[in-house]
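To start, the structure under review is shown below, and the notes come after it.
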Amino acid sequence: VKLIIQTQDANPRIISGEVPRYTSIGNTFTRVFQEQGLKAFWAGNGVNIIRYFPTQAFNFAFKDTIKAIFPKYSPKEDFYKFFMVNVASG
Numbered sequence: 220v221k222l223i224i225q226t227q228d229a230n231p232r233i234i235s236g237e238v239p240r241y242t243s244i245g246n247t248f249t250r251v252f253q254e255q256g257l258k259a260f261w262a263g264n265g266v267n268i269i270r271y272f273p274t275q276a277f278n279f280a281f282k283d284t285i286k287a288i289f290p291k292y293s294p295k296e297d298f299y300k301f302f303m304v305n306v307a308s309g
């Protein structure tokens, strides 16, 4: 929806007046749903879904292992150690 609003001035159908401009976020959601259906909101998202699962699988598998490499600390007393260990482990 954001991209549609941002790029509508480059759309030849909108420039020619064949299709009216999108006036708001609500108007854009409504028109996209009516003209293209619910599936249009998920178009192009398949790559993100495919990218997400391996990342989370590695995070789940290795985060605790990486955290165990570092010395023990108290999260309340040693905030900077806590922060850096979490940054390093993902």
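Position one of the sequence shown corresponds to residue 220 (our numbering), numbered consecutively onward. We treat Cβ as the ideally placed atom computed from N, Cα and C, and that holds for glycine.
Limits of the unbroken alpha helix (DSSP H) element including residue i
i, result
"proline 231", "231 to 234"
"lysine 300", "298 to 308"
"aspartate 283", "265 to 288"
"valine 251", "244 to 255"
"glutamine 225", "221 to 226"
Contacts around residue i, its chain only, beta-carbon distance under 7 angstroms, and the 5 residues preceding and following it disregarded
i, result
"phenylalanine 289", "Val304"
"lysine 300", "Tyr292"
"isoleucine 233", "Gln227 and Arg240"
Three-state secondary structure assigned by DSSP to residue i
i, result
"alanine 262", "coil"
"lysine 295", "coil"
Contacts around residue i, its chain only, beta-carbon distance under 6 angstroms, and the 5 residues preceding and following it disregarded
i, result
"glutamine 225", "none"
"isoleucine 285", "Ser308"
Residue i: CB within 7 angstroms of a non-hydrogen atom of the ligand PLP
i, result
"tyrosine 299", "Summarising the ligand content, the structure contains no ligands, and the ligand PLP is consequently not present."
Are three or more beta carbon pairs between the stretch 268 to 285 and the stretch 299 to 309 nearer than 8 angstroms?
yes
How do the stretch 261 to 279 and the stretch 241 to 249 stand: do at least 3 beta-carbon pairs fall below 8 angstroms, yes or no?
no
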